[in-house]
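See structure below.
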Amino acid sequence: MTDFMRWMYDHYIRPNIESQPIDEGEALQIDLLNNVLNPQMRKTLQEVLAIYAIQSFRLGVRTRIALNEDLR
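Taking this note's numbering, I'd label the letters of the sequence shown as residues 62 to 133.
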């Protein structure tokens, strides 16, 4: 992951994801997962989620570019 993409994740992607509302079921799943993971595994999970979020963001950008003409 490049420094720029890490910066994008920290300053744009993650805050955007965290600002989305979650329902009670999702909150329960998150709490359950956080309760069973030790601190090192939580950190590893956050890194894995960052990788997938960045790849999803990049896919969205590439899709938008590819469909730009069709969306006009």
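Cβ coordinates follow ideal geometry from the N, Cα and C atoms, glycine included. Quantities reported herein were computed from a predicted structural model and do not represent experimental measurements.
- Under the three-state reduction of DSSP, which class applies to Ile91: helix, strand or coil? Helix at Ile91.
- Item | Unbroken alpha helix (DSSP H) run spanning Asn77, endpoints | Arg75 to Glu79
- Item | At least three beta-carbon pairs within less than 8 Å, the region 67 to 74 to the region 112 to 129 | yes
- Where the alpha helix (DSSP H) containing Ile112 begins and where it ends: Pro100 to Leu128
- Could you tell me if Glu113 is buried or exposed, where buried requires 16 or more neighbouring beta carbons within 10 angstroms of its beta carbon? In the sequence as presented, Glu is not what sits at residue 113; that position holds Tyr. Exposed, by the Cβ-count rule.
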